[in-house]
Each structure stands twice: as structure tokens, then as C-alpha cells.
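Step one of this worksheet: look at the structure below.
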Amino acid sequence: MAALLEFLRKYNYWFIFILLEVASFVLLFRFNSYQGSVWFTQANSAVAKVNRIYTNIEAFIHLDEVNAMLTEQNSVLQMQVSQLREQLKDAKAEPSINDRHILDSLSGYRLYSAKVVSASIVKNENYIVIDKGAADGIKPEMGVVGGGGVVGIVSMVNSHHSMVLPIINRNSRISCRIRRTGYYGSLTWDGGSIYYANLTGVPQYARAKRGDAIETSGYSTMFPPGLFVGKVRDTKPAPDGLSLQLVVNLGTNFGNLRDVTVFENLHKEEVQELIERNDSTISNHTN
Amino acid sequence: MIQTYIRHIGLLILLLAMQVLIFNHVHICGYATPMICVYFLLIMPLSTPRWALLLWGFAIGLVQDMFANTPGMMAATLTLVGLVQPKMLTFIGGVDEEDNKEDETAPSIARIGMFPFLRYALCGILLQCTVFYLLETFSFFSIADTLINIAGSTLFSLLIIWFIDSIRGNN
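Going line by line, the protein sequences match chains R and H. Our numbering puts the last residue of the first sequence at 1765; the count rises by one with no breaks. Our numbering puts the last residue of the second sequence at 278; the count rises by one with no breaks.
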């Protein structure tokens, strides 16, 4: 402490010097337009750099909102398109086959846009949580689709959030088909890369080629038929030796999934009821 | 003692008057402008406290800035000169630091000799002109012009300070 005081006493003029120089430079930059402008622009270019980074971050944060808005808008537009198609069908005597096909595939489904709020992609039992729940009309076993393709199936709901069982979960099983030939199989995932899944149970005579598109078959009530899932990357015989196993390059990138659409099948109950009635008939017979 | 102070203050006012009324309007060939107020700092005796040198430098610079409308430039310059003045006096002026600690007489040609004083004054003036012109141009864009400014003003200032010191020495 004494040494410090001694130091301050001996070198106090340095502090005075710095103080006076700072005062001079403040005057210099404050009252001289030229030096002030040079200082201002130099300091500003540094500030501008920081500001640019900040703006980028801000834009990135807003991107989120923009994205959600676009997805929302997209699903609204999709519904609008389907409604308009319907009106068009009524207006036209003979709608084109293509129009009817699209209309058929979308009619009977209601779309909800949602945002992914939490996701795990590094485990074997991965999950995704979305920000829509029972209060918004989400029910279990609804199909979930993202911009790149099919994402998964709603497994649990609470009032404002839902848990989605994605394709990249070992318990996931989605009925899919090869778009070119129509042969179908079951899409499963056995851990490992989040970019690839397996289409199993495809007959060996289904000549699948690398690059063939895989889409939903529509055999389950969750997805309308024809939704893109991924592309065939590799074909190999299944371990059972009876069928073919296709390695599918998934269209959805689970690493950066943000906005998704949930599909509600409006006729699910009817289909379910038929299946249940059939099951009970069979069990009645066996009894 | 009091007389010395009064003479000092009188000299300072004279220097400032000459500077702001005459020399600030002199631009020989558009380059050399004498800056003579540094003389007041140069003749501060070694016994002057260093903080006093700094404050004098700042104050003189500030007054000069007010009249020349260059706020801060001269103040920054003369504060720096005030900081290094004692070191210049001992190393360049050849005045022994230990022997002259208590010395209260001002350095001058008569006191430390013609050549050491001019050497010492040249250094002080050169430092002043360099810092001042660098602050004034505030860029290295027209470095040649700046160097001519510095050299011209230094020589011209040195001549005038030599002249003033000679007059004072004869009195």
C-alpha cells in the first residue's frame, strides 16, 4: 500500500498528462469538423461492423417469425387451392385427370401449421415436439410433414404441444411406396445417420433403382398418398432373403427442421370403424 | 521571487499576443508558420514540478487554440512538450539533473550555452511542430506537404525564439 502511494506520488504527472491529452483530444474531435469527421468515420466503420453482425443476428431471429408466417400462409393457400379446385370442379363439366388427382389426394384432410420447439436427433428413440396441441385440434396419429417431405406421426398430445414420433425413431413405421412402380413397403429406421432410413418388405421383383422417389402410400390413415419421403440411394436384399431393402435418402433434414404441417384425416373415424368392425367380426367368428 | 513571476507572466502574455496577433497570420510560402509559445515551456527551470509543466502546456495551448480556432490541437501538443521538457533539458540541453534539481533559473543561451540551448530548443520546437501538423492534417495522405510544413515552421520558430532569447539575455 505504501509502495503504491509512493508510486502514485512519484508518477502523478503521468495521470495528469493522460487526463489533459484526453481532454485535448475530446476538444479536437468535438470542435474540429475535419478531425471529428475522420475520427467519426474511423470509429464508425468499427461500430458499423458490430452493427452489421447485430443486424444479421436480428434478421436471423426474425427469420424464425417470417418462416412461421410463410408456413402458416402456405397451409392456408394450400387449403384455398383445394377449395378453389373444388369450385372449379363444380364449374367445369369435366375436370382434368391431374386436377382431380390432386384434389382427391387433399380432400378429406385438414392442415395445421406448427413449429418445432424441441427435437432430439442423436439418440435411437428420437422425438420432436411441436407447438400445437389438443387445443389447436391436434390428435395422436396425425401425419406430420415438413418442407422436405414426411417428418413423422403425432404420438402424444397435451393442450398446447404435441410429441411427434419422427421417421428417425426405431419405433416409427410408415407405409411408403416407390413412386415409379407403385410397390410398397414399410419405412423404418435402425439408428445411425439421420439422413437415411430403410424401406423394408419391398418385393424382390420390384425393380427399384437408385434415385427412385419414395412417397407415402396412403394405406395408413395418417398421410394422403403421394407425399414425398425421400429417394432411393441403395438397394440390397433384406436379411430374411425374401424381400428387398432400400436405403432411402430422406427428404427431410431433421438437423434444421423448423416449420411443419400436421395433416388431419377427416374420414379417419370411418376407416377406423370399418377396421374395428371387421376385427370384431373376425373375433366373433373365431369365438 | 514575485518579480520573477511577474516577469514570467509578462513574457507569457507577450508571447501569446505575438503569436495570436502576428504569427498566426504568417504563412511563409504558404507553409511555414512560426509557433513561439513553446518558448515559455522551454525556459521553465528544472525545479518546476512536472504537473505544473503539464498544466502550463495545456493552458497555453488552449488559449492559442481559442484564437486560432483549432480547439485541442495546440493543447494536446504543448501538454506533450510539457511532459518531455525536463528530459530534453537534461539529455539534449546537457543540464545535469542531480546538480540542478533545486535550480530556479530559467534555461537560456546565456545560462547553458548557445549550442546546447539551440539544440534543446530545436528538439522542443520540432516535437511541437511535428505533433501539431500531424494532428492538423490528421492523415498521412499528403505526407510531403506535412513534412515541408513541419520543417519550415520549425526553422522559422527556432529563429524567432533564438532572437527573443538573445534579447532577454542582454537585459
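Ideal placement from N, C-alpha and C gives every residue a C-beta, glycine not left out. Bear in mind that the values here come from a model prediction, so they are computed numbers and not experimental data.
Residue Met-1634(R) holds the alpha-carbon nearest to the alpha-carbon of Glu-1619(R) among Asn-1734(R), Ala-1613(R), Met-1634(R). In the DSSP assignment, Lys-1488(R) falls within the unbroken alpha helix (DSSP H) covering 1480–1488. Arg-157(H) belongs to the set of residues whose beta carbon lies under 8 Å from a beta carbon in chain R. Residue pairing by DSSP places Gly-1708(R) opposite Ile-1692(R), Leu-1728(R) in a beta bridge. When Cβ-Cβ separations below 8 Å define contact, Phe-245(H) makes contact with chain R. In the three-state reduction of the DSSP assignment, Phe-1495(R) falls in the helix class.
Residue state for Gly-189(H) is assigned as helix, using DSSP reduced to three classes.
Interface criterion not met: the Cβ of Ser-1511(R) is under 8 Å from no Cβ in chain H. For Val-145(H), the enclosing alpha helix (DSSP H) starts and ends at 145–149. Distance check between Val-1600(R) and each of Gln-1561(R), Ala-1613(R), Gly-1615(R), Gly-1669(R) places Gly-1669(R) closest, using alpha-carbon atoms only.
In this structure, the straight-line span from the alpha carbon of Glu-211(H) to that of Asn-1529(R) is close to 56 Å. Sorting Pro-1703(R), Ile-1494(R), Asn-1734(R) by C-alpha distance to the C-alpha of Gly-1626(R) places Asn-1734(R) at the top.
The shortest C-alpha to C-alpha distance from Ile-135(H) to any of Trp-269(H), Asp-203(H), Thr-261(H) is the one to Thr-261(H). When Cβ-Cβ separations below 8 Å define contact, Phe-165(H) makes contact with chain R. When rounded, the separation of the alpha-carbon atoms in Ala-1537(R) and Leu-1555(R) is 25 Å. A distance below 8 Å separates the beta carbons of Ala-1592(R) and Val-1740(R).
Between the beta-carbon of Ser-1664(R) and that of Arg-1651(R) there is about 5 Å, and that keeps the pair under the 8 Å contact cut. Interface annotation, Leu-1486(R): not in contact with chain H, CB-CB separation never under 8 Å. Taking all protein chains shown into account, Lys-1610(R) has 16 or more neighbouring C-beta atoms within 10 Å of its C-beta and is therefore buried. The contact set of Met-180(H) on chain R, defined by CB atoms closer than 9 Å, consists of Ser-1502, Leu-1505, Leu-1506, Asn-1510, Gln-1513 in chain order.
In terms of beta-carbon proximity, Ile-1535(R) stays away from the interface with chain H, with every pair separated by 8 Å or more. Interface with chain H (8 Å Cβ-Cβ cutoff): Leu-1498(R) is included. DSSP places Tyr-1674(R) within a strand segment (E or B) once states are collapsed to three.
Between the C-alpha atoms of Asp-203(H) and Gly-276(H) there is a straight-line separation of about 21 Å. The C-beta of Gln-1682(R) has fewer than 16 other C-beta atoms within 10 Å across all chains shown, which makes the residue exposed.
Assignment of Arg-1685(R) by DSSP, reduced to helix, strand and coil, places it in the coil class. For Asp-1737(R), DSSP records a beta bridge to Lys-1593(R). Annotation: Asn-1731(R) has no Cβ neighbours in chain H at a cutoff of 9 Å; minimum Cβ distance is about 52 Å. Excluding five sequence positions before and after Gly-259(H), the CB atoms of its chain that fall closer than 7 Å to its own CB belong to Ile-135, Tyr-138, Ala-139, given in chain order. DSSP links Val-1635(R) through a beta bridge to Ser-1640(R). For Arg-1508(R), the number of other beta carbons within 10 angstroms of its own is below 16, and it is reported as exposed. Taking each of Tyr-1662(R), Gly-1615(R), Ile-1616(R), Ile-1606(R) in turn and checking the Cα distance to Ile-1645(R), the smallest one comes out for Ile-1606(R). Gln-1723(R) and Val-1525(R) have their C-alpha atoms spaced approximately 58 Å apart. Arg-1588(R) has its alpha-carbon roughly 28 Å from the corresponding atom of Asp-1757(R).
Residues of the segment 1538–1564 of chain R with a Cβ closer than 7 Å to any Cβ of chain H: none.
Shown here, Pro-214(H) sits in coil according to DSSP, grouped into three states, outside any helix or strand.
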